[in-house]
Structures are given as C-alpha cells and as structure tokens.
Amino acid sequence: MIEPYNKLVKLAARAFYDDLTSKGDNQPKTGRSDNRGIAVVVLDALTRRQWVREEDLAKDLKLHTKQLRRTLRFFEEEKIITRDHRRETAKGAKIYSAAVAATADATTGKEGEEKVKLHTHSYCCLDYAQIYDVVRYRLHRMKHKLKDELENKNTIQQYICPNCGKRYTAFDAPRLLSRNGEDFDCESCDGKLDVESDKLAAQEGGDGDGDENARRRRREKLKDMLQKMEVQLKPLIDQLGRVKDLPVPEFGSLQAWEARASAAGRAANGDNAGDSKSHLGYNGAPMPYSGDTKVVVDFNGTEGKGEGVKSETDSTSLKVLPPWMITSGMNLTKEQRGEVKQETKMDGTSTSTAAQYTDEKKSTIGHDDKNIQDEYIKAYYAALLKKQHELEEAAKNPQDANAADDPSSSTSIRKVGDKYKREEDDDGTEWEEAPARGNGIGAYKVDLNVEADAPAEDDEDDIDWEEG
Amino acid sequence: MSGEEEENAAELKIGDEFLKAKCLMNCEVSLILEHKYEQLQQSSDDAVNQVSQVFEKSLQYVKRFSRYKNPDAVRQVREILARYQLAEFELCVLGNLCPETVEEAIAMVPSIKTRGRAQDDEAIEKMLNDLSLIKKFE
Amino acid sequence: MFFHIVLERNMQLHPRYFGRNLRDNLVSKLMKDVEGTCSGRHGFVVAVTGIENIGKGLIRDGTGFVTFPVKYQCVVFRPFKGEILEAVVTMVNKMGFFAEAGPVQIFVSNHLIPDDMEFQSGDMPNYTTSDGSVKIQKDSEVRLKIIGTRVDATEIFCIGTIKDDFLGVINDPTTV
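Encoded structure:
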C-alpha cells in the first residue's frame with residue numbers, strides 16, 4: 001500500500017524540490033544555495049524509512065547534519081514531513097534502535113550503548129496524508145494563478161515588508177495606509193511595504209498594455225506555461241489519482257510507532273526462535289531498508305501454523321508482482337526459513353494443499369518455483385565452486401580454511417554458503433556428488449543447468465514443480 | 001449556489017438568491033431613498049441625523065450616478081429593457097452604465113452574449129438606441 | 001448592485017413598547033437595528049422599505065420580552081466579483097487609488113491602472129497619461145470592474161481594475 005504513496009513523494013520531489021535554490025515560490029529562503037538536488041535525495045531516502053533519527057539519516061546519506069537539518073526544516077514547513085525532538089538517555093535510544101531492528105533496518109544495536117549522556121535527538125518521518133493534500137493544493141494554486149493571469153490579468157497585488165518579510169494583499173490596503181496616505185506601512189514593524197512583483201510573465205516591451213504585441217506575447221507565454229504544466233506534471237497528477245482511494249500509510253507519532261514496531265519485533269522473535277537462530281540477522285543484513293512491508297508479511301506468515309501454507313500464499317500473491325520482486329521475495333523466505341528442508345519433510349501437507357489449486361495456478365506456481373530453483377542452483381553451484389577453491393587452498397594450508405569461509409565479502413554468496421552448509425548436514429550425498437561434477441567441468445554454468453536438474457529435483461521438485 | 005463558489009457577475013454567477021431577486025438601477029434607488037429621506041425629515045428633526053452612514057453614502061452615490069432623474073423616464077427605461085429578455089442584473093447594469101455602442105454593451109454585460117439567448121448585435125443596437133431616446137426626451 | 005429583497009429577523013421587544021403603537025415601535029426598532037449593517041451574504045442594508053409580515057409573538061420565559069419574526073423589504077447594496085460599476089475616487093497615492101461606490105470601498109492597485117498612466121505626486125496626487133488627456137485624482141469618477149471582494153463581519157471591501165476595455169475615467173472634475 002505504501003508503494004504508490006512513495007512514488008507520489010518521489011514524483012513530487014522531482015517536480016517541486018529538484019532545484020530549491022531557484023525562486024522559492026512562496027517562501028523566501030536563504031542559504032540554500034549549496035544544497036541543490038539534496039532535497040530529492042533526502043525525500044527518496046525517507047520513502048525507504050519510517051521514523052528515522054536524523055543523525056542516522058545524515059550518516060547514511062553522507063551529509064552534514066546541519067545541512068540535512070536545514071533541508072528537513074524546510075520540508076517540515078512545507079508540511080511534507082513531521083519531526084519529533086526529545087532529550088533522551090541511552091535507554092531511550094535503545095528503544096528506538098530496537099524498533100529499527102524490528103522494522104528490518106540495518107542500523108546496529110551498538111548505538112544504544114554508546115550514548116550515555118542525555119542528548120536531544122531529532123527524528124523525522126514522511127507525513128503521507130499531508131503530502132497528498134499539499135501536492136494537490138500546490139497544483140491547484142499553480143493552475144489558478146496561471147489561469148487568473150491568462151484570463152483577465154486581474155491579479156490581486158501582493159505586498160511584502162522588506163524588514164520583517166510579512167506579506168499582505170491589496171485586500172489589506174485600507175488598514176495599511178500610512179498616516180500621510182502616501183505609503184503602505186507594515187502592521188508589525190511599521191516598515192514601508194514593497195510591491196511584490198511575482199507576476200509569472202514578466203512585462204516585456206516596456207510601455208506595456210498599450211502595446212498590443214506585448215500583450216499578445218505575454219498571453220502566449222502564459223498559455224505556454226499552462227500547457228507545459230499540464231504535460232510535465234501529468235505523471236504526478238495521475239499518481240494522485242491512483243493514490244486517491246488508497247488508505248494512507250500512517251506511522252503515528254514517534255512513541256506510538258516505536259511501541260508498535262518493537263512489540264511486533266518481539267513477537268517475531270518469539271515465533272522465529274524455534275525455526276532458526278539466525279533469522280533476524282538474515283532479515284536485516286541483505287536488505288537494509290526496504291523490508292518494511294515484507295516484514296509484516298513475515299510475521300503474519302510465521303504466526304500461521306505451517307510453512308507450507310505460507311509458501312503458497314506467498315507465491316499466489318507474488319505472481320502479480322514484477323519478476324524482480326518475486327525472485328528477491330522468494331529467495332528471502334526460502335533461504336531464511338530453510339523452507340526447502342521443511343517442505344521435503346512436510347511432503348504430504350503441501351502436496352495436498354497444492355492439489356486444490358487449478359492447473360493454471362499450479363503451472364504459474366511451478367514457473368515461479370522454477371525461476372527460483374534456477375537461481376538457487378546457480379548460486380548453489382557457485383558456492384560449491386567457491387568451496388572447492390577453498391578446499392583446494394585448505395589442502396595447501398589447512399589452518400586457513402575456516403578463516404576464509406567466514407569473512408566472505410559478498411552477502412549473497414555467504415547466505416548460500418551458510419545454507420548449503422546446513423544442507424550438508426541433512427543430505428551428505430549431494431555434497432559428495434557436487435564437487436566431482438564441478439571438478440570435471442570448466443564452463444560450469446551451462447552444463448550445470450542440464451546436469452543439475454537431478455539433484456535439484458531431489459530437493460523440492462517432487463512437491464510443486466513436477467506436478468505443475 | 002452560495003456566493004463563495006466562484007462568483008462572477010460577468011457570467012451572471014451571483015447566486016440564486018440574487019439572481020431571482022429584484023435588482024434596482026441607481027435611478028430607482030435614488031427615487032426610493034430620496035422619498036424615504038423626505039419622510040424622515042417630516043417625522044422628526046432628530047430622525048435625519050440618525051440616518052446611517054450606509055444610507056447617506058448610498059444616497060449621495062445614486063444621486064450622482066443616476067442617468068435618469070425623472071420618475072417617468074426611469075419607468076420607461078425598465079419597460080424598454082424588459083422587452084429584451086434580460087436578467088434583472090443585466091438590465092440594471094445596462095441601465096446604470098448606458099453603454100453607447102454594441103461593443104461597449106457586451107463588454108459591460110458579457111453574459112448577454114454567452115447565455116445563448118440569441119441576443120444578436122442588431123437587437124442590442126436597437127435597445128441602446130431606445131435608451132438614448134429616453135435620455136434625449138427626458 | 002442594489003437589490004430589493006425580503007429579509008427576516010426575529011425582533012425582541014420589551015413589554016413597555018406594547019400597546020397601540022406596537023407595530024410602529026417594532027418597525028422603528030427594526031430600522032434602527034438593521035439599517036447600516038453589513039453581512040457577507042446580503043451586503044449592506046441601505047434602507048428598510050416595508051414590512052411584509054409580522055409573525056405571532058413568542059413570550060420568552062422569565063423575561064417578559066416577546067420575540068416577533070418580522071419579514072421586511074429592504075434595499076441592499078451587494079458588490080459582486082466581475083461586476084462593472086461607477087465609483088468616485090476618494091484618495092490617490094503611488095500604490096494606487098481608493099474609490100467609493102455607495103457604501104463600499106474599492107482599491108485599485110497601480111498595476112491595475114493602465115500602464116500608460118503615470119503617478120504624479122504633489123498637492124493633488126494623480127495618475128495621468130503622458131499626453132495629459134486623462135487624469136485620475138480625488139473626486140474623479142471612474143468606471144471599474146470588481147475583481148475581488150473581501151468580506152468580514154461588518155465590512156465588504158473590494159479590489160477593482162480599470163485596466164480593461166471601456167473602463168477608466170468617466171469625467172474629469174478639472175476639465176468638465
């Protein structure tokens with residue numbers, strides 16, 4: 001549900017905040033000349049987070065905290081984000097860290113221990129409900145202003161106080177009149193007001209209205225702007241339409257969110273404990289920030305009785321998603337949960353449930369599984385190859401074997417390596433087979449796909465794939 | 001339609017309440033207010049002083065901007081304009097501003113053209129002529 | 001624009017006004033109460049011109065006051081956005097000029113004055129065309145178009161323009 005809203009945020013960011021240094025339509029801002037484009041980066045980063053400590057965000061984005069704060073303050077004024085500030089102890093920080101861990105964020109738990117003194121921390125979070133309104137209002141005003149100027153060039157004059165920046169319109173004229181009647185005075189600071197010249201189409205041609213050409217040129221320009229606006233902002237307007245009937249993602253206040261997130265985290269921990277000790281670690285490590293929605297699914301799934309049931313709901317719901325999502329999603333669940341193993345054990349249940357599906361569905365499920373299996377096989381044998389090398393090295397230098405295994409550089413390899421080690425315990429036969437094959441073939445990728453069918457089928461295919 | 005929703009007299013969007021209400025030309029208002037003012041003068045010497053500023057300003061205004069002073073002429077203006085299927089509001093704008101050309105009339109009351117009442121230029125021309133005749137013979 | 005409309009009001013009357021002159025008392029109180037007031041919806045109430053109907057009075061518990069629903073005819077002045085009317089200039093400065101059309105005040109900012117008219121300061125500040133043929137100063141009569149109205153509890157204030165066809169000075173007090 002959050003994706004369409006995130007897309008809206010990203011579109012709006014690029015449409016309106018891409019170039020903050022240019023005339024800040026309604027808010028005259030100073031000192032932002034140095035952070036062009038940063039605003040978009042910050043908003044994008046926020047779409048991948050929920051509540052986030054601003055220091056952490058700065059660290060992640062490699063931004064100076066001050067610069068980030070300035071941007072965030074601007075967005076707060078724009079009603080794009082909500083912020084929360086509080087003085088907190090190490091304990092407070094821990095609560096947040098726990099919450100972060102529970103929402104699959106990768107920030108380390110260490111931070112809690114580091115903070116000993118009382119510090120004021122600021123947190124921020126996108127305010128989707130307001131963003132929706134703000135963007136709509138902005139579009140409305142833009143269109144209105146252009147149309148007003150185009151249709152009758154009868155715009156209400158605006159005035160601004162050069163001292164305090166307070167703004168007025170011609171409607172305030174009677175109260176602004178100075179004592180001698182010559183000027184307009186600011187109500188707050190008594191400064192002489194200036195005319196705010198924010199007419200969109202600057203008056204060209206000097207003598208202006210008497211000059212028909214100048215008038216026409218101005219109209220052309222306005223018309224052009226209106227047209228451009230409609231074309232260029234169409235994706236944004238479309239996205240607004242798409243989001244219209246969707247429930248708004250709400251994280252609530254910082255406290256509420258923390259409470260919810262850590263509670264959910266605890267629940268997940270309890271459920272997963274029996275399954276595998278390394279679950280949470282897996283959850284966090286490979287996908288630092290994008291796991292929010294998936295985590296929710298995980299919890300729901302693990303609360304259910306069997307893994308078999310879960311895998312089916314997963315695959316049915318996932319088949320509407322784009323392929324890259326299917327694979328990454330499935331990979332996650334299978335790898336993390338050791339589903340493969342479980343399914344072989346729970347053979348009976350999963351086949352019976354699978355049988356309830358129509359042929360069509362089965363084939364799609366099968367297809368999904370096939371993709372995953374292909375990937376799995378590739379990764380599996382890549383790992384085997386690696387292991388081989390390691391073994392070869394170990395043969396030369398037996399002591400290094402374990403050391404080389406642990407600090408592996410790529411997480412994905414490491415995952416598979418882990419997994420495959422576990423498998424090794426279960427069915428040692430495969431382990432025996434694989435290296436022999438790997439040894440014999442140079443271009444392992446191509447050949448493995450052919451040959452690998454046999455061992456891969458042993459694992460899972462009996463259940464879903466072959467039937468499909 | 002309530003007034004706040006994109007009121008625009010040029011398109012005769014003045015709200016149902018006023019669209020159906022009786023409009024008054026300045027010259028008509030002048031007759032009404034002067035009559036009332038006389039009454040007040042007769043009733044007691046105090047009443048005239050108690051007249052509101054709104055009343056006073058309005059009276060001054062309509063006296064200054066009445067195109068027709070004579071009550072008979074005022075009646076005739078309304079009679080003539082009434083022949084042209086005008087909305088009350090349009091009728092009174094024309095009666096108040098007395099445009100001299102068709103172009104000016106349309107600029108003052110754009111709704112006579114847009115409302116699709118087949119108000120052609122010829123008809124408008126005739127209407128303006130009739131009005132100017134009253135003025136001449138007043 | 002002036003309108004003749006019917007409005008309704010609940011009038012509370014003290015028992016001491018009861019008697020033969022009840023109706024007169026009610027009417028004079030009505031005039032005192034409503035004439036000169038202004039509401040965003042109906043505009044300025046200029047004058048009560050007649051009574052349509054006085055409903056049955058309702059005695060208020062405890063006080064002895066009686067409430068009468070009164071329907072009355074009145075002349076109101078209500079400016080509309082987009083309306084074109086004539087007004088008298090009351091004040092000119094470099095920001096623009098103020099004008100009055102009956103009870104309503106209208107401000108025309110300088111950017112809504114034709115570009116060929118320039119501000120001239122002095123004892124009699126004015127906007128004048130370069131050839132001097134057209135002049136806007138205090139007491140000039142102008143035809144303007146209302147482009148915005150602001151309503152508060154007791155006032156309606158308007159923004160006007162004279163930057164359009166057939167708008168501007170009607171007569172110049174110095175030349176006529």
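Protein chains in written order, with the UniProt record's numbering: chain A, 1 to 468; chain B, 1 to 138; chain C, 1 to 176.
Backbone N, C-alpha and C fix where the C-beta goes; we use that ideal spot for every residue, glycine too.
No experiment lies behind these values; they were computed from the predicted model shown.
Does A:G191 come within less than 8 angstroms of chain C when only Cβ atoms are used? Residue-level contact check: A:G191 does not touch chain C, since none of the beta carbons of chain C fall below 8 angstroms from its beta carbon.
Using a Cβ-Cβ distance cut-off of 8 angstroms, determine whether B:E7 contacts chain C. yes
Assign C:C38 to buried or exposed, taking buried as 16 or more other Cβ atoms, counted over all protein chains shown, within 10 Å of its Cβ. buried
Using a Cβ cut-off of 9 angstroms, pull out every chain C residue sitting near B:E104, in sequence order please. D165 and F166
Can you tell me whether B:I124 is buried or exposed? The criterion is at least 16 other CB atoms within 10 Å of its CB, across all chains shown. buried
By the three-class DSSP mapping on this structure, what secondary structure does A:I156 have? DSSP, read as helix, strand or coil, puts A:I156 in coil.
Would you check whether the ligand MN has a heavy atom nearer than 7 angstroms to the C-beta of C:M95? Absence of the ligand MN from the depicted structure is noted, as is the absence of any ligand whatsoever, leaving it without description.
Suppose you measure from the CA of A:K7 to the CA of A:L384; what does that come to, to the nearest Å? Computed Cα separation, rounded: 40 angstroms.
Considering only the beta carbon of each residue, do B:K135 and B:Y68 sit closer than 8 angstroms? Yes, the Cβ-Cβ distance between B:K135 and B:Y68 is below 8 angstroms.
What is the DSSP secondary structure of C:F18, reduced to helix, strand or coil? coil
8 angstroms Cβ cutoff met for A:D127 and A:K79: yes
How many Å lie between A:Y123 and A:I81 at the Cα? 10 angstroms
Bounding residues of the beta strand (DSSP E) (the contiguous stretch that carries C:F98): G96 to A101
Between C:V6, C:M1, C:V27 and C:V169, which has its C-alpha nearest C:Q12's C-alpha? C:V27
Take A:L177 as the anchor and find which of C:F107, C:E86, C:S121 and C:L144 has the nearest alpha-carbon. C:F107
Could you give the distance in angstroms between the alpha-carbon of A:G241 and the alpha-carbon of A:K143? 17 angstroms
In the DSSP output, what is A:R36 paired with across the bridge? None, per the DSSP bridge assignment.
Would C:Q105 count as contacting chain A if we go by Cβ distances under 8 angstroms? Residue contact with chain A for C:Q105: present (Cβ-Cβ distance below 8 angstroms to some residue of chain A).
Measure the alpha-carbon distance for B:S52 versus A:R219 and round it to whole angstroms. 46 angstroms
So, at 6 angstroms on beta carbons, what are the nonlocal neighbours of B:M127 in its own chain, with the 5 sequence-adjacent residues on each side left out? Y84
Give the DSSP-derived three-state secondary structure of C:N53 in the structure shown. strand
Indicate the three-state DSSP secondary structure (helix, strand or coil) for A:N213 in the structure shown. In the three-state reduction of the DSSP assignment, A:N213 falls in the helix class.
So for B:T101, helix, strand or coil by DSSP? coil
Minimum C-alpha distance to A:A263 - residue among A:E3, A:Y168, A:Y381 and A:A102: A:A102
Leaving out five residues on either side along the sequence, give the residues of the same chain with a beta carbon under 8 angstroms from the beta carbon of B:E34. L59 and K63
Alpha carbon of A:L222 to alpha carbon of A:E230, nearest angstrom: 12 angstroms
Specify the secondary structure class of B:K63 as computed by DSSP and reduced to three states. helix
Between A:D224, A:D194, A:R87 and A:N180, which lies nearest to A:L150 when the distance is taken from Cα to Cα? Distances from the alpha-carbon of A:L150 to those of A:D224, A:D194, A:R87 and A:N180 put A:D224 closest.
Endpoints, beta strand (DSSP E) assigned at C:T161: E155 to T161
Tell me the DSSP secondary structure of A:R48 in three-state form. coil
Simplified DSSP assignment, three categories, for A:F251: Reduced to three states, the DSSP call for A:F251 is coil.
Skipping 5 residues on each side, what residues in its chain have a beta carbon closer than 6 angstroms to that of A:L72? C124
List the residues of chain B that C:R143 touches, going by C-beta distances under 8 angstroms, in chain order. The contacting residues are L97.
Starting from the Cα of B:C27, find the closest Cα among B:E11, B:D72 and B:P110 and give me that residue. B:D72
Could you spell out the range, first to last residue, of the alpha helix (DSSP H) harbouring A:A173? A173 to L176
With 8 angstroms as the limit, tell me which residues of the stretch 1-32 of chain C have their beta carbon closer than that to any beta carbon of chain A; keep them in chain order. none
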